[in-house]
Amino acid sequence: MLSETASLVFWVIAFVTIISAIFVVSLRNIFHSALFLVLCLFSVAGVFVLLDAEFLAGVQVLIYVGGVAILMIFAVMLTSRMTNSEVRQQNEQKALGALVAFSFLLIVTGAILKTMSVKGGFGLSPSPSVTISTPHAIGRLLLTNFVLPFELVSVLLLVALIGAVVLAKKDGD
Amino acid sequence: MLETYLPIFLLLCVSTAAGGGLYLLSKFLGRKTTDSQYMDTPYECGIEPVGTTKERFPIKFYLIAILFIVFDIEVVFMYPWAVVYRKLALFGFIEMLVFIGILVVGYIYILKRGALKWD
Amino acid sequence: MEFPQIDYVAILPEIIICGLALLIMLFAAFLPRDRRWITGHIAWFGIIVASFAVWMNWGTDTRTFAGMYSIDLFSSVLKLIFLLGSLLVVFMSENYIRLHKLEAGEYYALIIFSLFGMMMMASAADLVVFFVGLEIMSVALYVLAGFRRSDPKSNESSLKYFLLGAFATGFIVLGIAFVFGAVGTTSIAQMFDPQQYTLANSFFYLMVGGGLLLIGLAFKLASFPFHMWVPDVYEGAPTAVTAFMSSGPKAAAIAVLARVFVVAFGQHITQLSPMFWSLSVLTMFTGNLIAISQTNIKRMLAYSSIAHAGYMLIAFATGTAEAVNSVVFYLLTYTVMNLGAFMVLLVVEGKEDGDNEITSFTGLGRRHPFLGAAMTLFLISLAGIPPTAGFAGKFFLFKAAVAKGQIPLVVIAVINSLISVYYYLRVVVVMFMIDTQTEFRPVSYPAFLYVALVVAVLGTIVLGVFPTSFFPFDIPLLASGR
């Protein structure tokens, strides 16, 4: 279980994450949305820290905050009349969307609560190999049991790279 | 455990205080201007501004940024390998060579296709 | 430290395909622009070599990469279907690329990478491998959909496919996380083994994970209610890519559905059956009823592919190994006849852009009897009229379903097939009964496209007449893993 301080920190981080996520999907200035996305992704890194997944927290900051979010801000700046203008982030189907999202929340919460009540705590069978998530353990797993997905990731990155060149490069040589 | 992150927490506090404080200071102490014609123009060292500050970026930046992220992710995968490099012995080394080798093909490809050329 | 054993002979086809894609990329980088058409020939040659490698491994029954990768008859059959589909697509594309001046090197490299991803999905014995394979396939397809960059419709297609596909991917990741939470492993074989885990306390939790996985896979399969993207994406994508999209990813999604829902969650398949039942019925009706009102042939084929996804889901409502075997056979027939229809479409389309109205087929049967006859064959096969491949596919599927007592479902499927006859035959009527007043658009027969067309015609007939002599109907669903 989390200690007193840790649980306080968790609530603060959770609050920041959710509020900034709401801003991302509701602000009318899309540039501000992108900035709140940075905050949101950063606080998710905080959640990783609380879960003892320091490596993931580092990766989260490095790739999501430092890379993906910046890329999104780039994308906003690439698009003319995006930086100033007011964008409508909703449409006529928002009631339906809210209904679906809410029922999804209910199902997931139900699943978690039900599982907890049965065994008192998360009644899941823990896999011994992933309980410690230091870079050591990750490295060991990546290059032994998970070596196939590891190699596949490089192929995936390569495909993404070709895709970027095909779609974003100017015509001609 | 969390004490390790105290410096980061302090840094966050100080930077928030510095940023927010300066903003509030200028709000309360600064002179209120009603003339917004010059306030809204970009600062150009006293020279008449020639355009807006919100210009579109060329797509070249974007391409470079995407390519950066691809190789960024590659490096992230190298980190856990590097810390247990000795224990992984030859097997790990060869697997890493394959991993990098596949991406080197991609690197050669973008070089030859001129995706990194600026013009 | 213990390192996993890697059986390099068993994974030879994958190595060949991956190496082929890398080779094509290098050719694309180093060859001058006017010589890049060579990559197409490398592509089809490589695919044939890889097919031989699959053939060589026929009957191998092993799991390698620490049990993550299962090479068995089930995956070998599926791989051959993927390879055949990709081979036909490469043949089809040769002329298309020339006419539309597309970048040949990247095009073929992406097709081959996508094929590689599908092969990974077919053999994945672990949800992580399946996920990365799925992403490789999908990312390549997103790019291929937008390959005609100057065409706004192609851009729209790519963007829609990407946004919705990425959303579906999110569901899959969440689903895998839930399944992992419930059973503590991502290995399909371990989930399958009842001694490895008990579900008493986390059944609901596991089912939430399964449901999320199903949402993502239903999207790739183009099943109701996740079919909205299909018509727009199919219409906007380059025609050769549409052909690829409508056969490969569907087959790969079916493979994973079989491995996850029939093998891993095999104990609960009777509880899941009503869900697949309703999905199947709704998908069939949606596809067939909306297809009736289409005037654009690509959109019509898109809705027809939704309807076919509905027929395929019958196998999962049934949930027996026999049903899964027959759905794999169904995939083979669907690949052949569907690609065939797209080949005729490619010939008729020629150099024209975006005009794929059904009326553009007016008088085709009279002016070009071979093309008209071939198209008629593919269409009646899609409708499921004997003695074509489509009939044989439906026959075995329905037989397996009836054997498990799914009679109402089969009746509904037969009614749907009858509905589909209407819109398929409408094209035949246009081709043969009406003559054009003006001269028919000049039609050329590019050599490779012609070869592919002949293969598809022969396949549709042969699979329809002698289905059992070409297809093993007793495939075990997972390697016993020694």
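Residue numbers (our numbering), protein chains in the order written: chain A, 1162 to 1334; chain B, 37 to 155; chain C, 103 to 584. Backbone N, C-alpha and C fix where the C-beta goes; we use that ideal spot for every residue, glycine too.
Chain-ordered chain C contacts of residue i [CB-CB under 7 Å]
i          : result
Pro1136(A) : Look at the range of chain A in this structure, 1162 to 1334, and you will see that residue 1136(A) is not part of it.
Phe127(B)  : Phe105
Ile102(B)  : Ordered by position in chain C, no residue passes the 7 Å Cβ test against Ile102(B), which lies about 12 Å from the chain.
Ile109(B)  : Going along chain C, no residue has its Cβ under 7 Å from Ile109(B), so there is no contact; the nearest lies around 13 Å.
Distance CB(residue i)-CB(residue j) smaller than 9 Å
i          : j          : result
Tyr525(C)  : Met414(C)  : no
Phe328(C)  : Ile317(C)  : yes
Phe1209(A) : Gln1221(A) : yes
Phe167(C)  : Val231(C)  : yes
Ala1230(A) : Val106(B)  : no
Gly442(C)  : Thr562(C)  : yes
Leu103(B)  : Ile130(B)  : no
Ala342(C)  : Val241(C)  : no
Ala502(C)  : Ala515(C)  : no
Phe105(C)  : Phe127(B)  : yes
Pro116(B)  : Gly1300(A) : yes
Leu314(C)  : Phe282(C)  : no
Lys322(C)  : Lys352(C)  : yes
Glu1312(A) : Phe93(B)   : no
Phe97(B)   : Leu1217(A) : no
Ser462(C)  : Lys496(C)  : no
Phe575(C)  : Glu424(C)  : yes
Ile278(C)  : Gly311(C)  : yes
Val141(B)  : Leu1223(A) : no
Ile138(B)  : Leu124(C)  : yes
Ile1191(A) : Val1226(A) : no
Boundaries (first-last residue) of the alpha helix (DSSP H) holding residue i
i          : result
Tyr210(C)  : Ala206 to Ser225
Ser256(C)  : Pro254 to Val285
Ile144(B)  : Tyr121 to Lys148
Phe233(C)  : Leu229 to Ala247
His1193(A) : Ile1191 to Leu1211
Pro1296(A) : Pro1296 to Leu1303
Lys1330(A) : Lys1330(A) -> no alpha helix (DSSP H), and no H or E assigned at all.
Thr341(C)  : Thr341 to Leu359
Proximal residues to residue i (C-beta, below 8 Å), its chain only, five neighbours per side dropped
i          : result
Val332(C)  : Ala324, Ala404, Tyr405, Ser407 and Ile408
Arg251(C)  : Asn257
Gly492(C)  : Thr435, Tyr436, Met439, Ile482, Ser483, Leu484, Ala485, Gly486, Thr562 and Gly566
Ala226(C)  : Met170, Tyr171, Ser172, Phe232, Gly235, Ile290, Val358 and Arg361
Ile100(B)  : Leu152
Leu1304(A) : Phe1311
Ile108(C)  : Thr166 and Phe167
Chain-ordered neighbours of residue i on chain B, where CB pairs are closer than 9 Å
i          : result
Met127(C)  : Val141, Gly142, Ile144 and Tyr145
Ile1224(A) : Ile105, Asp108, Ile109 and Val112
Contacts that residue i makes with chain B (C-beta to C-beta distance below 8 Å)
i          : result
Phe132(C)  : Lys148
Phe1235(A) : Phe93, Phe97, Tyr98 and Ala101
Thr1166(A) : Leu38
Phe1185(A) : In the sequence as displayed, the identity of residue 1185(A) is Val instead of Phe. Those do not exist, as Val1185(A) stays about 20 Å from chain B at its closest Cβ, beyond 8 Å.
Ile1231(A) : Ala101
Ile1299(A) : Pro116
Other residues of its chain near residue i: CB distance less than 7 Å, five sequence neighbours each side excluded
i          : result
Ile126(C)  : Thr141, Ile144, Ala145, Gly207, Tyr210, Ala211 and Ile214
Lys1280(A) : Per-residue confidence for Lys1280(A) stands at a pLDDT of 47, beneath the threshold of 50, marking its modelled position as unreliable; no derived number is given.
Ser375(C)  : Ala419 and Gly421
Ala130(C)  : Arg138, Thr141, Gly207, Glu208 and Ala211
Cys120(C)  : Phe218
Beta-carbon neighbours of residue i, restricted to chain A and to distances below 9 Å
i        : result
Val86(B) : Here the premise fails: no neighbours, minimum Cβ distance about 18 Å.
Boundaries (first-last residue) of the beta strand (DSSP E) holding residue i
i        : result
Arg67(B) : Premise fails: Arg67(B) is in no beta strand (DSSP E) and is neither H nor E.
Residue i: contacting residues in chain A (beta-carbon distance under 7 Å)
i         : result
Ala242(C) : Val1320
Same chain, Cβ closer than 6 Å to residue i, neighbours up to 5 away in sequence not counted
i          : result
Ser195(C)  : Ala342
Gly148(C)  : Leu122
Tyr547(C)  : none
Gly467(C)  : Gly474, Met533 and Phe534
Ala344(C)  : Residue identity check: residue 344(C) is Thr in the sequence provided, not Ala. Closer than 6 Å at Cβ, skipping near neighbours: Tyr336.
Val1291(A) : Here Val1291(A) scores only 47 on pLDDT, less than 50, and its place in the model is too uncertain to base an answer on.
Met588(C)  : With chain C covering 103 to 584 only, the question about residue 588(C) has no answer from this structure.
Val523(C)  : Ala485
Interface residues of chain C facing residue i [CB-CB closer than 9 Å]
i         : result
Ile138(B) : Cys120 and Leu124
Residues that residue i contacts on chain C, provided the C-beta gap is smaller than 8 Å
i          : result
Leu1313(A) : Met222, Val231, Val234, Gly235 and Ile238
Lys1275(A) : Phe306 and Tyr307
(request) Scan the region 369–406 of chain C and note each continuous alpha helix (DSSP H) run of 4 residues or more that stays entirely inside, going in chain order. (result) 371–394
(message) Restricting to runs no shorter than 3 residues, where is the beta strand (DSSP E) found entirely within the region 125–209 of chain C?
(response) 164–166 and 171–173
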